[in-house]
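Inspection log for the structure reproduced underneath, given as structure tokens.
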Amino acid sequence: MNEVTRETSGNKNDFIKRLDMLATTLSLNEDRKLISLEKYRLLFSTYKKMIETDVDHFFLEKQKQSKVVESLQRSQDFLTYKNHTLLWEAFGKMRSDDPTDFMLLSVLTNLVEDEHVSPQFFGLIVYKKENKLIVVKVDSEEQFSSGQVSYAKIPVAKAEMLSKIIYFERDSLNPRPFSLLKDIELLSEGFQVIPALTIGRQGMDHSKTKEVEDTLKVLLFHCRTDIFSLDTAGKVTPVWNPFVNQANLEMRKRFLEAVKGENKTWNEVFDHVFDYYLYRIGEKRINPLLPSNNQHEWWNRSIQNIFARDPYILTMIATNGKDQTSNEAILKNRLEWAVQPTALLYDQVLTQVKFKKLTETLYLDGIMMQMYEDRLTMIKSPVAKEMTKRILSRLDDRYDDINSEIKRRIMMQRKQSDLKRESQWQKVLPMNLEQKDRSNFIKKEELKQKQKQDFTRRMDMLALTLSLKRNDDSFLFPEVYELLFSTYIKMIETDKDGFFIDEKRQANIITSLNQSNELNQLKQANSIQSMLEKLRNNDSTDFLLIPACFKTLDPVRNGHISGLIVYKRENEFMVMQVDKEETLKTGALSYVKIPMDKIQEFSRVLFSARDFYEFKPYGILKRIESLSHRFKEIPTIKLAPQTTGNCGIIEMEAALRVALFHCKKDLFDLQLSDRITPKWNTEVQDLASLEMKRRFVEAMKGDNQEWNLNFDYLFGYYIYRKNQSKQSEAGNGDLHKYSRYGDIRILFGNDLYIDEIMNNGGRIPLIFDCFLKGKIIQSVGPTGTLLGKEICVIATSDLYKELQSNVNELKMLEERLPYIKIPVAKEMAKYFIACLVEKNKEIESHICERIGIESKTCSYQVESQSTVDSFAKVSQSQLTPAGVATGASAPLTNQFATMIHRSKQASAVKNQCSFSKKTKCKKQVTVTK
């Protein structure tokens, strides 16, 4: 534990003490110092005043209030005792069997003998009952023993010894772990749990006074209900008042009033502080997207961060509570400290700061701006409001500076990538070529690189569309959507049977998709305004389809993309948001109406939507809302949530589906009782999604037949997954289905055939040669190796896990073989299976040696015998890795099967059924920038 000292009263005035205590109680500061005895005296004094002013008996009936106040005064006095004798005398004067007569104590203890682990506070209550001293321990986190509330009975004859150890611990700065509680156990028969009592854990309220507050709540509850006589069969949670909703909030309000005094300036500051607490718990309902009260430690830290930088509070602290906020010099100094310029923030020029650090700053600044904007409506002090506006202005300037630097680096990185690709093929440029031949060679190489990049981008888009991979950074640039929209256009153009939309309206849909595609290429906001002006009123086939990329308030998520559809309806602009994840908490489909007279501002907002490096939480959506109202849910529409995390594509696909459905059925004229999931085609229902994916693949195809075969190869994964999904629905349900989705994504990510064609611009290998065989052997692991190490050093439990993992992978590989139509790809898959079988034999052999079973009695059997049969059909010259024998495996012995089963139980591995392997995972399909 860091060197700490107890504060002394000295130089801090009453204002700062009260402000500090209020902020600590509300978990708004991150004070790492130990709480001083002086602060506890002020805390107990505030509790006293809170009870004394309880005119409506919120805490306690009137006849008991004076006695409780008297006990709190005694508890406060203990903090000034000069020796243990005074405490011993206080114990002697306590009334027996009177719950209003007590000593309330706060105890600090170390949890372990480790200076890096922070000490823990907990509360004690001392009563006198049946000629014994009862010490009640309140420990909501159950750090010392099981049970949140427990008690120890100490004979009155040992009261002096109890007073000595309590008095000694009061002044101890570095107590031994649980020393006081252990000493109390020695004086008694140990702590007995009161199992019926439960206390809510700290959660976001993790202040240093929380345990004392919980202890006060328990002792007031005991004044109403005897905690020693509770029915052990039930559970009771003490509350401040069982007849008042949000009793905790009401208690905090009364605590605030008890903190206040006659100084109105101070009271305004205390109210300002309390508004931070109301904002933190979401009481003001200002922003429905804020985390709930029991979520996210980061949210608590974020509130503490902006609270610590509040220039209004800092100014009042600097002036000891005197109102000098009109002093411009003081205000400027505090503002500069709250929002430092980049040179001070990083202590180096912006161009030299690491990229990750820049993005982290942008995200945190975005959260801070959101918080300050939310709080503006809560702030009552004109001076505090003006200072908050200045903070927002400074944050906005810093945000723009950092964002510009990030974009500059991204564009530079893309240029450098292009130059790197160019330099790579220029290295092989023959030196003896004539100028004309050199020029032709360069053109051919440029064309080859362009085709390779185009193929990579198409494969990436298709993998995302088929939910075979998660988002990566490949869709961070708006121009990538040109390929997606172009594919949608071709899909509609080739719709000869009216699957998507009737023939009469197809031309309008194609026009809308074309202008959506053009929007990303426009250079000025007024060009978008021209597009908006030309939208036809009340025509569902005339729209703009726009991807909306934004960050959220959850740091765990790496942002999100939803789909926007813009119409003109009743001479207003209607912005529909399609979001399968319901990120805004306004359902899967919501809308905003924007008046025509705001067309210029709306154009600028849509123009800014092309900025895919927006770090302000919900940036584009918030700017749309600022033009009119919050997004309103259309509750009749339901969309299935994502299964893969591929929002870059799947949300735009959902938006197109909704737009086409809206052409057939007006979404604004649905009955509230309706519950509709828009389909691509209502006549085929369950097969509509499969048919759409098939048509999408066909729309991707062109003149390159090898590319077309590779697109079909990916589609085979999708068909395989759909068939497996049907089996799951008939058997184990959604949980197993989603698990299989993840397994298939891993299988796709490890596919060496895809790795090969991606490296060769879509060209299919002519033969299954030694080079490809070597890649497979290296992926599975050469003989004597496993997981990138020598197999002899791998733990036995890991061998079992790998064996079971391989069983599952082999099963899936076998199931997928019929879906592979490219001969060389099928050969690679079979060879991979054979190598995996041989690797399992090797693993099994090592397991047998370690547990003492003779190798000849050990053998491995693939779960499906048909897999083994299929291996046998392949010629030995094709299937045998170097140094590995082939042949079907003999049946697995009962002894070995039992051994594996017992090992799986012993290891208790949660993800045994997943077949992902660190050493096998090849690079994912990604877009070349």
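Residue numbers (the numbering used here): 100 to 1028. Glycine included, C-beta positions come from ideal geometry on N, C-alpha and C.
Quick check: what's the CA-CA separation for residue i versus residue j?
i, j, result
"F190", "F220", "23 Å"
"K192", "K263", "17 Å"
"R474", "N858", "53 Å"
"T743", "G841", "8 Å"
"N539", "T555", "24 Å"
"P254", "R408", "52 Å"
"I942", "L902", "7 Å"
"K737", "S944", "53 Å"
"K920", "I660", "35 Å"
"L643", "M799", "22 Å"
"K910", "D553", "34 Å"
"Q548", "D854", "17 Å"
"E169", "N209", "31 Å"
"I600", "R915", "34 Å"
"K316", "V338", "7 Å"
"D153", "L159", "8 Å"
"M558", "I875", "22 Å"
"L612", "D641", "9 Å"
"P917", "K825", "17 Å"
"L621", "D773", "40 Å"
"F584", "K940", "50 Å"
"K697", "S516", "41 Å"
Could you round the C-beta distance between residue i and residue j to whole angstroms and report it? I think they count as a contact, below 8 Å.
i, j, result
"V358", "I293", "Not really, about 32 Å apart at Cβ, beyond 8 Å."
"I645", "L618", "7 Å"
"K679", "A753", "6 Å"
"L871", "M927", "6 Å"
"G861", "E805", "6 Å"
"Y727", "I693", "The sequence shown places Ser at residue 727, not Tyr. Confirmed, Cβ separation roughly 5 Å."
"Y250", "V225", "Contact flag wrong, Cβ pair sits at about 10 Å."
Which residues in the same chain have their Cβ closer than 7 Å to the Cβ of residue i, if we skip the five residues on either side of it in sequence?
i, result
"M998", "Reliability of the predicted coordinates at M998 is poor, the pLDDT of 44 falling under 50, and no value is obtained from them."
"G360", "none"
"L491", "M468, Y471 and E472"
"L935", "V879, N905, E908 and L909"
Assuming residue i is part of the alpha helix (DSSP H), what are its boundary residues?
i, result
"I600", "I600 -> no alpha helix (DSSP H), and no H or E assigned at all."
"Y580", "Y580 to E592"
"P410", "P410 to A417"
Using only alpha-carbon positions, find the residue among the options that is nearest to residue i.
i, options, result
"E1049", "N347, Y411 and N432", "Residue 1049 is absent from the model: the chain starts at 100 and stops at 1028."
"N670", "M695, K778 and V206", "M695"
"E240", "E435, T314 and V338", "T314"
"W187", "A708, R173 and P198", "R173"
"I115", "F158, I416, Q447 and G246", "I416"
"N182", "R269, K231, K228 and N230", "R269"
"Q605", "N613, I591 and D596", "I591"
"M673", "G658, F701 and F320", "F701"
"D638", "L280, L449 and K763", "K763"
"F760", "S772, E782 and G747", "E782"
"Y690", "E713, I748 and F767", "F767"
"E312", "Q164, D155 and L121", "L121"
"I440", "L388, I501, D765 and F454", "Inspection of the sequence shows that residue 440 is occupied by Pro rather than by Ile. Residue I501 is the option with its Cα nearest to P440."
Output the boundary residues of the beta strand (DSSP E) element that contains residue i.
i, result
"C648", "L643 to F649"
"F406", "That residue, F406, is in no beta strand (DSSP E); its alpha helix (DSSP H) goes E396 to A407."
"N676", "The amino acid at residue 676 is misidentified as Asn; the sequence shows Gln. Its beta strand (DSSP E) spans residues E671 to V677."
"T208", "M202 to T208"
"Q219", "Q219 to K228"
"Y690", "L688 to P694"
"N879", "Residue 879 is actually Val in this sequence, not Asn. Premise fails: V879 lies in the alpha helix (DSSP H), C869 to V879, not in any beta strand (DSSP E)."
"S249", "V248 to P254"
Counting only the same chain and skipping the five closest in sequence on each side, list residues whose C-beta sits under 6 Å from that of residue i.
i, result
"R433", "P410, L413 and T414"
"R117", "V358"
"I856", "N809"
"R140", "Q175 and L178"
"R703", "A624"
"K227", "M193 and S195"
With 8 Å as the threshold, decide whether the Cβ of residue i is near any Cβ in chain E.
i, result
"R794", "Of the protein chains in the structure, only one exists, and it is not chain E."
Given residue i, which residues of its chain have a CB within under 8 Å of its CB, disregarding the five upstream and five downstream residues?
i, result
"V438", "R408, I490, R493, L494 and R497"
"A647", "I660, S661, G662, L663, Q676, A708, I719 and L720"
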